[in-house]
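End of the sequence shown sits at 1378 in our numbering; the numbers just go up one at a time, nothing left out.
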Amino acid sequence: MFISVVSATSRRSSNTRLIADTYLSILQSKGHQAQIIDLADVPSDFIGQGLYNGKSENPSWKSMQDIVNASDKFVFIIPEYNGSFPGILKVWVDGLQFPSSFKGKKGGLVGISDGTQGGALAMGHFADILNYLGMNTLALRPRFIQIGKHLQEGKLTNAEYLKFLELHADQLIAF
Ligand SMILES: Cc1cc2nc3c(=O)[nH]c(=O)nc-3n(C[C@H](O)[C@H](O)[C@H](O)COP(=O)(O)O)c2cc1C
């Protein structure tokens, strides 16, 4: 089983990436093959015509699509941007092959925010899209509120949050 951990923002040095790295370490410590897909690596011309033209000749996009094709399961680490998920996440999904990228596969969601929602709406909005695309999603959706208060020197310091990531990883593996 191969699991992709999607860091769902194009913002460099994001808190989302730190949580994605933590999740990856948990999966690897449990002996699972996993890899990060960082949406900061989506080709920059994808917000223009690159999304529609010449994708298959773009080597960095091709390797991203190859990882998606090879993945059996996904976990999406989703930051809350303007009450929903970041636009780059939808751009990425719109660029991927349809329906093979997600149909019949399984996925989980983890939300983070600076405010007090923890990406609750963001995860709901994105889960609707995943379900439309034929992916089954895990019921457990951890919401990490006020994330900035729980990170120190690039590490997640909140023991409860860490426990939820462990639980989520166990459930995703068994899903
Ligand atoms: C464009 C943008 C919009 C944001 N909108 C919200 C929001 O609606 N609610 C919230 O609690 N935090 C919001 N934030 C703060 C992020 O949730 C916060 O930066 C958190 O660390 C996750 O984002 P990051 O991975 O980019 O660091 C926003 C941040 C950005 C960059």
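Glycine residues also receive a C-beta, built at the ideal position from the N, C-alpha and C atoms.
If only complete runs of 4 or more residues are kept, the region 1276–1342 shows the alpha helix (DSSP H) at 1290–1298, 1323–1335, in order along the chain.
Relative to ligand 1, the beta carbon of Thr1360 is positioned no closer than 7 angstroms to any heavy atom. The beta carbon of Gln1349 sits closer than 8 angstroms to the beta carbons of Ser1316, Asp1317, Gly1318, Thr1319 from its chain, once the five residues preceding and following it are set aside; these are given in chain order. Per the coordinates, the alpha-carbon of Phe1279 lies some 6 angstroms from the alpha-carbon of Gly1311. Residue state for Ile1270 is assigned as helix, using DSSP reduced to three classes. By the C-beta criterion, the region 1223–1231 is judged not to be in contact with the region 1242–1262, since fewer than 3 inter-stretch pairs fall below 8 angstroms.
Taken through DSSP and simplified to helix, strand or coil, Ala1237 comes out as strand. Ligand 1 has a heavy atom closer than 7 angstroms to the beta-carbon of Asp1317. In the three-state reduction of the DSSP assignment, Gln1231 falls in the helix class, which pools H, G and I. Of the heavy atoms belonging to ligand 1, none sits nearer than 7 angstroms to the Cβ of Gly1357.
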